[in-house]
C-alpha cells in the first residue's frame with residue numbers, strides 16, 4: 002500500500018514574524034514526522050523562545066532550519082509546491098481542501114520533493130509567492146473567524162499528510178519538472194507573448210497566472226517543459242526569420 | 002445530509018497550566034465554530050497573555066469561559082464525553098482516531114451535548130478523569146515524538162469535527178471543456194505548428210500526441226481552451242503581419 006513519503010516533505014515559511022510560532026511549527030512538524038523547515042527572507046529569531054515552544058524533543062528540527070534570502074532559491078529544487086491561503090472569494094482559485102491535498106501528495110511524494118508554503122502571520126501569501134504553487138490549499142473554517150494561527154495551519158496540513166501516510170493504494174506519479182525548470186519556461190513564454198502583443202504590458206501577469214495554474218494543475222513533466230520550450234524557440238526563430 | 006451540530010460541542014480543559022495555551026485554544030475553537038470552553042480546577046490565568054494569543058476576534062470566547070471547581074460538576078450536563086490521550090500501549094483502550102470520532106459525533110451531536118476533554122500539558126488525563134469518557138481519541142503521530150502542544154491537539158479535534166460538519170469533504174469540480182472544443186483547439190495548434198515548421202510533415206501526430214496527453218491530463222477547462230486559442234490566433238496574426 003502506498004504511503005506518503007514524509008521525508009520528501011518540507012515546510013517553507015515565507016517571512017514568518019514570531020519566534021514562538023517558528024518553535025511551535027518545529028514541534029508540530031516533528032510530531033508528524035517532518036524534519037525539514039526552510040525560512041525565507043527572515044532570520045534572527047530569539048533562540049530561547051523558539052526552543053521553549055519546540056521543546057527539547059524537536060530541538061534537532063530547529064537546529065537544521067535552512068535560511069534562504071529569496072523564494073526562488075528556497076523553492077528551486079522542489080518538484081511540487083503547495084500554497085496555503087485563507088482568502089476565499091478572490092479570483093485566485095481553484096482551492097483544494099487539506100484532505101484532497103494530502104491524498105494527492107501520497108502519490109506525488111513518492112518521487113518528488115514537496116514544499117508546503119506558508120505566508121506571514123498577518124498577510125499570508127501574496128501573488129508573487131502564489132505563482133510558484135502547483136496547488137493552493139484553504140483550510141475550512143467558520144466564516145466568523147477565518148484566520149488561523151500559523152502553527153495551527155501548519156499542524157493541520159502536516160496532520161492530514163501523516164494520516165494519509167497510512168492510506169490507500171493509488172497510481173504512481175512520475176517525476177515532475179523542478180521549480181527552476183518551470184520558471185525558465187514561464188519566463189520564455191512571457192517574453193514570447195509580450196513580443197507578439199498578447200500580454201497587456203500594464204498587467205502581464207494576469208494571463209500568466211491562468212497559464213501557470215493550468216500547467217501546474219496538469220503536473221507537467223521535465224520532458225514536457227522541453228517540448229513547450231522547443232515550440233517557443235521555434236516560434237521566436239520563425240518570427241525573427243520573417244522579419245529579416 | 003447530516004452535519005455536526007457545532008453549537009452542541011464544548012471544550013473542557015482539565016487543569017491547563019499556561020495562559021498562552023488557553024488563548025490559543027480560544028482562537029482554534031472560534032476558527033472552527035465552537036464557542037464554549039470550560040476550565041476545571043485551574044484559574045487566575047494572565048488575561049493579557051490569553052488575549053494576545055486568542056486575538057481580539059476570539060475575545061468573546063475567552064470572556065465566556067466557565068470555571069469549575071471539580072470535574073463532576075464540569076461534565077454533569079453533558080451526554081457524551083470524548084477523552085484525549087497520547088498514551089498508547091497502556092491498557093486503557095480502545096482508542097479511536099480523530100476522524101472516526103468526528104464521524105460518530107455527527108450523529109451524536111444532533112440531540113446530545115458533547116464535551117471534548119483534554120488533560121494538563123505535562124501529564125495528560127489520568128484514570129480519574131478518563132472514567133467519565135464514553136470514547137477516547139488518540140491523535141496519530143510519529144513514534145519519535147508523540148506529545149502534541151495542547152492547543153494543537155484541540156485544533157485537530159475541532160478541525161475534524163468542523164470538516165464533518167460540512168458533510169462530505171467534497172471538491173468542487175469545474176466544468177471541463179467539451180470534446181469538440183478540444184478538437185478545435187488541437188486543429189488550430191496543429192496548423193500553427195505545421196506553419197512554423199515545428200511538426201515533421203511526415204509524422205505530424207508524434208508531437209501532437211504528447212501535447213494531447215498533457216492537455217487532457219490537466220483536465221482543461223472551457224475558459225482555458227479559449228486562452229490557448231487566443232494565443233494561437235495572435236501568433237498567426239503576428240506571423241502573417243510580419244510577412245506582408
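Protein chains in written order, with the numbering used here: chain A, 2 to 245; chain B, 2 to 245.
For every residue, glycine included, the Cβ atom is placed at its ideal position computed from N, Cα and C.
Short Cβ contact (8 Å threshold) for residue i with residue j
{"i": "residue 17 (chain A)", "j": "residue 151 (chain A)", "result": "yes"}
{"i": "residue 230 (chain A)", "j": "residue 189 (chain A)", "result": "yes"}
{"i": "residue 4 (chain A)", "j": "residue 167 (chain A)", "result": "yes"}
{"i": "residue 72 (chain A)", "j": "residue 211 (chain B)", "result": "no"}
{"i": "residue 118 (chain B)", "j": "residue 85 (chain B)", "result": "yes"}
{"i": "residue 183 (chain B)", "j": "residue 233 (chain B)", "result": "no"}
{"i": "residue 82 (chain A)", "j": "residue 66 (chain A)", "result": "no"}
Whole-angstrom distance between residue j and residue i, CA atom to CA atom
{"i": "residue 79 (chain A)", "j": "residue 220 (chain A)", "result": "13 Å"}
{"i": "residue 76 (chain A)", "j": "residue 63 (chain A)", "result": "19 Å"}
{"i": "residue 140 (chain B)", "j": "residue 235 (chain A)", "result": "55 Å"}
{"i": "residue 156 (chain A)", "j": "residue 144 (chain B)", "result": "16 Å"}
{"i": "residue 13 (chain A)", "j": "residue 123 (chain B)", "result": "29 Å"}
{"i": "residue 246 (chain B)", "j": "residue 134 (chain B)", "result": "Because chain B here runs from 2 to 245, residue 246 (chain B) falls outside it and cannot be looked at."}
{"i": "residue 178 (chain A)", "j": "residue 185 (chain A)", "result": "11 Å"}
{"i": "residue 224 (chain B)", "j": "residue 207 (chain A)", "result": "14 Å"}
{"i": "residue 1 (chain B)", "j": "residue 106 (chain A)", "result": "The structure shown has nothing for residue 1 (chain B), since chain B only spans 2 to 245."}
{"i": "residue 205 (chain B)", "j": "residue 199 (chain B)", "result": "9 Å"}
{"i": "residue 70 (chain B)", "j": "residue 27 (chain B)", "result": "20 Å"}
{"i": "residue 180 (chain B)", "j": "residue 214 (chain B)", "result": "14 Å"}
{"i": "residue 100 (chain B)", "j": "residue 153 (chain B)", "result": "15 Å"}
{"i": "residue 170 (chain B)", "j": "residue 242 (chain B)", "result": "Low confidence applies here, because residue 170 (chain B) scores a pLDDT of 45, under 50, leaving its location unreliable; read the following figure in that light. Cα to Cα, residue 170 (chain B) sits roughly 51 Å from residue 242 (chain B)."}
{"i": "residue 68 (chain B)", "j": "residue 46 (chain B)", "result": "11 Å"}
{"i": "residue 142 (chain B)", "j": "residue 226 (chain B)", "result": "44 Å"}
{"i": "residue 120 (chain B)", "j": "residue 55 (chain B)", "result": "20 Å"}
{"i": "residue 202 (chain A)", "j": "residue 216 (chain B)", "result": "27 Å"}
{"i": "residue 162 (chain B)", "j": "residue 44 (chain B)", "result": "27 Å"}
{"i": "residue 129 (chain B)", "j": "residue 147 (chain B)", "result": "22 Å"}
{"i": "residue 61 (chain A)", "j": "residue 149 (chain B)", "result": "16 Å"}
{"i": "residue 98 (chain B)", "j": "residue 74 (chain A)", "result": "39 Å"}
{"i": "residue 197 (chain A)", "j": "residue 196 (chain B)", "result": "16 Å"}
{"i": "residue 218 (chain B)", "j": "residue 218 (chain A)", "result": "9 Å"}
{"i": "residue 102 (chain B)", "j": "residue 102 (chain A)", "result": "22 Å"}
Contacting residues, own chain, Cβ-Cβ under 6 Å from residue i (five flanking each side not counted)
{"i": "residue 51 (chain A)", "result": "20, 23, 24 and 63"}
{"i": "residue 92 (chain B)", "result": "Legend: pLDDT at residue 92 (chain B) = 48, less than 50; position of this residue unreliable, no value from coordinates given."}
{"i": "residue 240 (chain B)", "result": "none"}
{"i": "residue 42 (chain B)", "result": "16"}
{"i": "residue 48 (chain A)", "result": "none"}
{"i": "residue 110 (chain B)", "result": "5, 6 and 9"}
Closer than 7 Å: residue i CB and nearest the ligand PLP heavy atom
{"i": "residue 100 (chain B)", "result": "With respect to the ligand PLP, the structure offers nothing, as it holds no ligand at all."}
Cβ-based neighbour list, residue i, same chain, cut-off 7 Å, excluding 5 preceding and 5 following
{"i": "residue 159 (chain A)", "result": "29, 30, 33 and 35"}
{"i": "residue 1 (chain A)", "result": "With chain A covering 2 to 245 only, the question about residue 1 (chain A) has no answer from this structure."}
{"i": "residue 237 (chain B)", "result": "193"}
{"i": "residue 172 (chain A)", "result": "Its pLDDT being 44, under 50, residue 172 (chain A) is placed unreliably by the model, and nothing is read from it."}
{"i": "residue 53 (chain A)", "result": "24"}
Cβ neighbours of residue i in the same chain (closer than 8 Å, five flanking residues each side left out)
{"i": "residue 176 (chain A)", "result": "80, 112, 113, 222 and 223"}
{"i": "residue 96 (chain A)", "result": "86, 89, 137, 138 and 139"}
{"i": "residue 104 (chain B)", "result": "165"}
**Asked** Is the segment 27-46 of chain A touching the segment 3-11 of chain A, taking contact as three or more C-beta pairs under 8 Å?
**Response** yes
**Request:** Scan the segment 152-168 of chain A for residues whose Cβ lies nearer than 8 Å to a Cβ of chain B and list them as they occur along the chain.
**Result:** 152, 153, 156, 157, 160, 163, 164 and 167
**Message:** Short of 9 Å Cβ to Cβ, which residues in the segment 138-150 of chain A face chain B?
**Reply:** Residues are counted here when their Cβ sits less than 9 Å from a Cβ of chain B; for the segment 138-150 of chain A these are 140, 141, 142, 143, 144, 145, 146, 147, 148, 149 and 150, given in chain order.
**Asked** Which residues, taken in chain order from the segment 42-53 of chain B, show a beta carbon closer than 8 Å to some beta carbon of chain A?
**Response** Against chain A - using a Cβ distance shorter than 8 Å - the segment 42-53 of chain B contributes no residues.
**Item:** Under 9 Å (Cβ pairs) to chain A, residues found in the segment 7-28 of chain B
**Value:** 7, 21, 25 and 28
**Message:** Counting only Cβ-Cβ distances shorter than 9 Å, please list the residues of the segment 195-207 of chain B near chain A, keeping chain order.
**Reply:** Taking 9 Å as the Cβ-Cβ cut-off against chain A, the residues of the segment 195-207 of chain B that qualify are 196, 197, 198 and 199.
**Asked** Which residues, in order along the segment 90-124 of chain A, keep a beta-carbon less than 8 Å from a beta-carbon of chain B?
**Response** 95, 97, 98, 100 and 101
**Message:** By the 9 Å beta-carbon criterion, what residues does the segment 218-232 of chain B contribute toward chain A?
**Reply:** Taking 9 Å as the Cβ-Cβ cut-off against chain A, the residues of the segment 218-232 of chain B that qualify are 218, 219, 220, 221, 222, 224, 225, 228, 229, 231 and 232.
**Request:** Name, going along the chain, the residues of the segment 56-70 of chain A whose beta-carbon falls closer than 7 Å to a beta-carbon of chain B.
**Result:** 58 and 59
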